[in-house]
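Peer 1: Once you've had a glance at the structure underneath, I'll fire off some questions.
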């Protein structure tokens, strides 16, 4: 097979200095060509380079400084091409070099934005990556820097890790036709006086310096469906009504933004009638009242993990979220003694309660989970549990996956799950020593269990587990870490390699024999005595 059959060619870091070293004219079926991290100085491609099937051309981190019309003429025959020229010191692009070209993605990361935009006039691309990286010294974006985008057709623009010099409406005036905009880590503290951006559907403002959610003029984004403000560097205040113009918003991520609210979140989420995914995880403290989520009753996914949640109402903060399917309350310090926490969650399928504690370390028969009868996945890891009552999950008939790892359980409570078929049970990292055989036989169907990192005894007292384990190895997860703890001579030995002989000892046999003889003799004497009395 010759080069004409190649589809993927990787020549990264091979010391190539010229494209002429590659038999370009023979690569008739090439789809991926990787030439990054070399010493190529010119992008001159042979006019007969068969680029018709080319999908990805990587020339990042070379020494390309100029691009001419002739250099890239052969790429016009490619369709939906991704061209990566990231981290080249491009100083000049011949005017109209990219005119009438159509790309899927263009990556000019860490290049001079003004030079690139001047050279891209007339190009069409779905993605234009002009971002840079942390620690790279770049000129701040000025009022006129982005003017060149007015003559470019682009859907998604990334400017991440750049900074703006006094951003104004004129700075962004050529971005009005964008559908996605990434302004991650651009040192923004306000985003106001913007042009109307009626087509924008996704806005990424992660790692900036907003003090208040209302410092962003959201009314210019009427079609926005996805908004990300993650890991804000300042404590961001959720003022009332900041988002009310975003009636089409479906996905809102405000995680890790130092948010604290004593009255969350009805007024702050006012107007978000189409919201389906809300992430408020890794924030400070949120206090919930009766009308917490009244404005977004169509939520399907809610993440409140690693945020201190305080519930101040009797009805339950989620009572109107009848469409909610996934709820993450892990490490939220939530008060599990409030029986109505999960009230109204009739469609809930996945619940993560990791890191929360329960009264007396026990899940009682009467518990919060009964309010979510359709649960399929329940995660209760690191909850300091010591016991689970027998009917604790009897109302959860659809349960398929229960994770109880990193607790303090000393008993394998399979009787709790005896009515469930094909269930996954994770008991890893607990304190289980012995498991009676009858508890194991209650696991029906294709059930899977994880007993790894438990101090299991490999003695005749635990022969029921050892026998069942070998016969049902297909039901065991992480068998490599399911090890003996006792006796010390077998410590660290894998359970499936244990062969114990648990027959009776000589002394036990002698004792049993003696007892049998005595019983026979006594029975014989009693029979003789009875016969003498009769006659």
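Residue numbers (UniProt numbering): 1 to 535. We put the beta carbon where it would ideally sit given N, CA and C, even for glycine.
Just confirm the distance between the C-beta atoms of residue 224 and residue 254, as a whole number of angstroms; I'd bet it's less than 8 Å.
Peer 2: Position 224 of the chain shown, counted from the first residue, corresponds to residue 224. Position 254 of the chain shown, counted from the first residue, corresponds to residue 254. About 14 Å; that fails the 8 Å criterion.
Peer 1: Helix, strand or coil for residue 145 per DSSP?
Peer 2: Here residue 145 refers to the residue found at position 145 when the chain shown is read from its first residue. Note: residue 145 maps to helix in three-state DSSP.
Peer 1: Does the Cβ-Cβ distance between residue 145 and residue 114 come in under 8 Å?
Peer 2: Sequence index remark: in the chain shown, residue 145 carries index 145 (1-based). Sequence index remark: in the chain shown, residue 114 carries index 114 (1-based). Closer than 8 Å, so yes.
Peer 1: Counting Cβ pairs closer than 8 Å, one from the region 171-183 and one from the region 191-210, do we hit at least three?
Peer 2: yes
Peer 1: Could you check which residue in 342, 285, 373 has the C-alpha nearest to that of residue 331?
Peer 2: Numbered from its first residue, the chain shown carries residue 331 at position 331. Among 342, 285, 373, the Cα nearest to that of residue 331 is on 285.
Peer 1: Would you kindly report the start and end of the unbroken alpha helix (DSSP H) that includes residue 118?
Peer 2: Taking the first residue of the chain shown as position 1, residue 118 is located at position 118. Its alpha helix (DSSP H) spans residues 113-119.
Peer 1: Give, in chain order, every unbroken run of the alpha helix (DSSP H) that is at least 4 residues long and sits entirely within the region 253-296.
Peer 2: none
Peer 1: Could you tell me the boundaries of the beta strand (DSSP E) in which residue 156 lies?
Peer 2: As a working note, residue 156 is residue 156 in the chain shown. First-last of the beta strand (DSSP E) with residue 156: 153-158.
Peer 1: Could you give the DSSP three-state label for residue 311: helix, strand or coil?
Peer 2: Numbered from its first residue, the chain shown carries residue 311 at position 311. In this structure, residue 311 counts as strand in the three-state DSSP scheme.
Peer 1: Around the Cβ of residue 563, are there at least 16 other Cβ atoms within 10 angstroms (buried) or fewer (exposed)?
Peer 2: Outside the shown range of the chain (1 to 535) lies residue 563, about which nothing can therefore be said.
Peer 1: For residue 484, which of helix, strand or coil comes out of DSSP?
Peer 2: Against the chain shown, residue 484 aligns to sequence position 484. Assigned with DSSP and collapsed to three states, residue 484 falls in strand.
Peer 1: Mind checking which residues open and close the beta strand (DSSP E) that includes residue 5?
Peer 2: Mapped onto the chain shown, residue 5 falls at position 5. Unbroken run through residue 5: none, as it is neither H nor E.
Peer 1: Using a Cβ-Cβ cut-off of 8 Å (strictly less than) and excluding sequence neighbours within five positions of residue 25, which residues of its own chain qualify?
Peer 2: Numbered from 1 along the chain shown, position 25 holds the residue referred to as residue 25. Excluding residues within five positions, the ones whose Cβ falls inside 8 Å are 46, 48, 49, 50.
Peer 1: How many Å lie between residue 219 and residue 238 at the Cα?
Peer 2: What you label residue 219 is simply residue 219 of the chain shown in a count that begins at 1. What you label residue 238 is simply residue 238 of the chain shown in a count that begins at 1. So the alpha carbons of these two residues sit roughly 16 Å apart.
Peer 1: Can you grab the Cα-Cα spacing for the pair residue 418 / residue 485, in whole Å?
Peer 2: Position 418 of the chain shown, counted from the first residue, corresponds to residue 418. Position 485 of the chain shown, counted from the first residue, corresponds to residue 485. Inter-residue distance for residue 418 and residue 485 is about 27 Å (C-alpha atoms, whole angstroms).
Peer 1: Check residue 17 in the structure and name its three-state DSSP category.
Peer 2: Residue 17 sits at position 17 when you count from the first residue of the chain shown. Of the three classes helix, strand and coil, the one that applies to residue 17 here is coil, per DSSP.
Peer 1: Give every residue of the same chain whose Cβ lies closer than 6 Å to the Cβ of residue 482, excluding the five residues on either side of it in the sequence, and list them in chain order.
Peer 2: In the chain shown, residue 482 corresponds to position 482, counting from 1. Closer than 6 Å at the Cβ level, and outside the excluded window around residue 482, lie 451, 452, 495.
Peer 1: Excluding sequence positions up to five away, which residues of its chain have a Cβ less than 6 Å from the Cβ of residue 382?
Peer 2: Stepping through the chain shown from its first residue, residue 382 is reached at position 382. The residues are 354, 355, 406.
Peer 1: Starting from the C-beta of residue 359, find all residues in its chain whose C-beta is less than 6 Å away, skip the five residues before and the five after it, and write them out in chain order.
Peer 2: Position 359 of the chain shown, counting from 1, holds the residue named residue 359. Here the set comprises 337.
Peer 1: In the structure shown, what three-state DSSP assignment does residue 467 receive?
Peer 2: The residue you call residue 467 lines up with position 467 of the chain shown. In the structure shown, residue 467 sits in a helix (DSSP, three-state: H, G or I).
Peer 1: Could you pull out every residue in the same chain whose Cβ sits closer than 7 Å to the Cβ of residue 14, ignoring the five residues on either side in sequence?
Peer 2: Working through the chain shown from its first residue, we reach residue 14 at position 14. Correct list, in chain order: 38.
Peer 1: Looking at C-beta atoms only, is the number of pairs between the region 515-534 and the region 467-482 that lie closer than 8 Å three or more?
Peer 2: no
Peer 1: Can you list, in chain order, the residues of its chain whose CB lies under 7 Å from that of residue 403, leaving out five sequence neighbours each side?
Peer 2: The residue labelled residue 403 in the question sits at position 403 within the chain shown. Hits under 7 Å: 379, 380, 381, 426.
Peer 1: Identify the continuous alpha helix (DSSP H) that holds residue 70 and give its terminal residues.
Peer 2: Walking along the chain shown from the start, residue 70 turns up at place 70. Unbroken alpha helix (DSSP H) run through residue 70: 69-72.
Peer 1: How should residue 303 be labelled, buried or exposed, when 16 other C-beta atoms within 10 angstroms of its C-beta is the threshold for buried?
Peer 2: What you label residue 303 is simply residue 303 of the chain shown in a count that begins at 1. Residue 303 is buried by the Cβ-count criterion.
Peer 1: Leaving aside the five residues before and after residue 283 along the sequence, list all residues of the same chain whose C-beta is less than 6 Å from its C-beta, in chain order.
Peer 2: Within the chain shown, residue 283 is the residue found at index 283, counting from 1. If we look at residue 283 and ignore the five residues flanking it on each side, its Cβ neighbours are 259, 307.
Peer 1: Using the three-state DSSP reduction, which class does residue 530 fall into: helix, strand or coil?
Peer 2: The sequence position of residue 530 within the chain shown is 530, counting from 1. Helix at residue 530.
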